[in-house]
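1 is the number of the first residue of the sequence shown in my numbering; add one for each residue after it.
We put the beta carbon where it would ideally sit given N, CA and C, even for glycine.
Just below is one structure, and these are the notes that go with it.
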Amino acid sequence: MQKIVVFISGRGTNLSYLVDFCERGFCAAKVVAVISDRPDAPGLNIALQKKIPIIVVDRRLYPVCEAFDYIVEQKLDILQPNWLVLAGFMKRLGARFVKKYEGKLINIHPSLLPSFPGLDTHHRALLAGVKWHGATVHFVNEELDAGSIIAQTVVPVYLHDTVDTLQARVLSAEHNLLPKIISLCVEGKITLDNGDVKYDRSLIENSMSYYYE
Ligand code: GRF
Numbered sequence: 001m002q003k004i005v006v007f008i009s010g011r012g013t014n015l016s017y018l019v020d021f022c023e024r025g026f027c028a029a030k031v032v033a034v035i036s037d038r039p040d041a042p043g044l045n046i047a048l049q050k051k052i053p054i055i056v057v058d059r060r061l062y063p064v065c066e067a068f069d070y071i072v073e074q075k076l077d078i079l080q081p082n083w084l085v086l087a088g089f090m091k092r093l094g095a096r097f098v099k100k101y102e103g104k105l106i107n108i109h110p111s112l113l114p115s116f117p118g119l120d121t122h123h124r125a126l127l128a129g130v131k132w133h134g135a136t137v138h139f140v141n142e143e144l145d146a147g148s149i150i151a152q153t154v155v156p157v158y159l160h161d162t163v164d165t166l167q168a169r170v171l172s173a174e175h176n177l178l179p180k181i182i183s184l185c186v187e188g189k190i191t192l193d194n195g196d197v198k199y200d201r202s203l204i205e206n207s208m209s210y211y212y213e
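Structure representation (structure tokens):
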């Protein structure tokens with residue numbers, strides 16, 4: 001059974017959906033630990049309820065990026081995970097860390113990258129007047145929200161949308177997308193090869209883009 005470590009900073013709803021997907025047997029992996037950079041992240045309660053070990057590496061105690069990364073690496077050396085999933089993890093990891101876990105480190109970002117990297121994506125999407133928005137699952141590289149794109153989920157933007165309504169629509173689509181993609185990675189159907197995402201033949205016919213009304 002492959003091992004997943006999920007990194008969070010907040011609510012943890014993507015964590016919850018991923019854990020359920022694994023527990024229901026749709027993904028041949030187990031979430032073996034949840035790492036948070038915030039001791040008060042509400043998502044830690046989800047992990048506790050599901051009896052998943054939690055590891056808090058408080059960002060305030062390790063303001064230097066390399067020091068934070070080093071502590072996390074020590075924990076990972078013990079856990080030996082196959083996959084590291086950033087699901088609402090709001091801290092940047094250093095270049096050395098990212099290189100070490102290249103091809104195993106996956107992030108979900110709430111926009112159709114390369115549009116709107118960084119923060120406040122829903123607000124910026126509304127300001128820009130885009131008609132389609134969504135989320136992207138990508139391999140992480142040393143640049144912010146710029147790693148190789150694996151898959152995207154697309155939602156419509158309506159004239160009456162607010163940040164809250166748009167955010168809720170995107171989040172719901174994220175809950176569908178992330179577990180499916182992680183499961184395909186676990187099955188070896190999606191890999192990173194020299195910076196290029198490679199898909200198993202069985203996936204080539206299917207678009208790696210999902211539309212939700
Ligand atoms: C999601 O929108 C994710 O794309 C972004 O942060 C949010 C996390 O939500 N990176 P949750 O903590 O999983 O509810």
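Handout entry: Option nearest G147 by Cα separation, candidates V130, N176, A135, L113
Key = Within the sequence shown, numbered from 1, the residue matching residue 147 stands at position 147. Nearest of V130, N176, A135, L113 to G147, Cα basis: L113.
Handout entry: Secondary structure, beta strand (DSSP E): runs of 3+ residues fully inside the segment 126-193
Key = Here the runs fully enclosed are 132-139, 149-156, 190-193.
Exercise for the section: For F26, count neighbouring Cβ atoms within 10 angstroms of its own Cβ and tell me buried if that reaches 16, exposed if not. Expected result: Along the sequence shown, read from residue 1 onward, the residue named residue 26 stands at position 26. Answer is exposed; the Cβ neighbour count stays below 16.
Problem - Segment limits, beta strand (DSSP E) that includes L86 - result: The residue given as residue 86 occupies position 86 in the sequence shown. Counting along the chain, the beta strand (DSSP E) containing L86 begins and ends at 83-86.
Handout entry: Secondary structure of D196, DSSP reduced to three states
Key = To locate residue 196, count along the sequence shown from 1; it is residue 196. D196: strand per DSSP, three-state reduction.
Practice task
Give the DSSP-derived three-state secondary structure of A33 in the structure shown.
Solution key: By 1-based counting over the sequence shown, the position of residue 33 is 33. Strand, per DSSP.
Exercise for the section: Answer yes or no: the CB of Q167 versus the heavy atoms of ligand 1, is any distance below 8 angstroms? Expected result: What you label residue 167 is simply residue 167 of the sequence shown in a count that begins at 1. Because some heavy atom of ligand 1 lies under 8 angstroms away, the Cβ of Q167 counts as near it: yes.
Exercise for the section: May I ask whether a heavy atom of ligand 3 can be found less than 8 angstroms away from the beta carbon of A47? Expected result: In the structure shown, ligand 3 is absent; the only ligands present are ligand 1.
Problem - Per DSSP, the bridge partner or partners of H109 - result: Counted from its first residue, the sequence shown places residue 109 at position 109. As a beta-bridge residue in DSSP terms, H109 pairs with T136.
Exercise for the section: Have a look at the DSSP bridge pairing and note the partners of Y210. Expected result: Counted from its first residue, the sequence shown places residue 210 at position 210. The partner list for Y210 (beta bridge, DSSP) reads T153.
Exercise for the section: With DSSP as the reference, label I78 as helix, strand or coil. Expected result: Start at 1 with the first residue of the sequence shown, and residue 78 comes out as number 78. Helix.
Exercise for the section: Using beta-carbon positions only, say whether N176 and Y210 come within less than 9 angstroms of one another. Expected result: Along the sequence shown, one-based indexing puts residue 176 at 176. Along the sequence shown, one-based indexing puts residue 210 at 210. Yes. Within cutoff.
Problem - heavy atom of ligand 1 below 8 angstroms from V64 C-beta - result: On the sequence shown, residue 64 is found 64 positions in, with the first residue counted as 1. No; taking the cut-off as 8 angstroms, the Cβ of V64 has no heavy atom of ligand 1 nearer than that.
Exercise for the section: Inspect the beta-carbon positions of V170 and H123 and report whether they are closer than 9 angstroms. Expected result: Position 170 of the sequence shown holds residue 170. Position 123 of the sequence shown holds residue 123. Taking 9 angstroms as the Cβ cut-off, V170 and H123 do not qualify as a contacting pair.
Problem - Closest by C-alpha distance to G118, when choosing among M90, D58, M1 - result: In the sequence shown, the residue the question calls residue 118 occupies position 118. Out of M90, D58, M1, M90 has the C-alpha closest to the C-alpha of G118.
Problem - With 16 other Cβ atoms within 10 Å as the buried cut-off, status of P39 - result: Translated into positions along the sequence shown, residue 39 becomes position 39. That one is exposed.
Handout entry: Near ligand 1: L171 beta-carbon under 8 angstroms from a heavy atom
Key = Within the sequence shown, numbered from 1, the residue matching residue 171 stands at position 171. Within the chosen limit of 8 angstroms, ligand 1 reaches the beta carbon of L171 through at least one heavy atom.
Exercise for the section: Answer with buried or exposed for Y158, where buried requires no fewer than 16 other C-beta atoms within 10 angstroms of its C-beta. Expected result: Within the sequence shown, residue 158 is the residue found at index 158, counting from 1. The residue in question, Y158, is exposed, as its Cβ has fewer than 16 Cβ neighbours within 10 Å.
Problem - P42 burial status per 10 Å Cβ neighbour count (16 or more: buried) - result: Position 42 of the sequence shown, counted from the start, is the residue given in the question as residue 42. Burial call: exposed.
Practice task
May I have the straight-line CA-CA distance separating L192 from F139, to the nearest angstrom?
Solution key: Walking along the sequence shown from the start, residue 192 turns up at place 192. Walking along the sequence shown from the start, residue 139 turns up at place 139. Computed Cα separation, rounded: 8 angstroms.
Exercise for the section: Check the DSSP bridge columns for I55 and list the partner residues they point to. Expected result: As a working note, residue 55 is residue 55 in the sequence shown. According to DSSP, which records beta bridges pairwise, I55 is partnered with I35.
Problem - When V154, I108, L144 are compared against V130, the one with the closest alpha-carbon - result: Mapped onto the sequence shown, residue 130 falls at position 130. Relative to V130, the option among V154, I108, L144 whose CA is nearest is V154.
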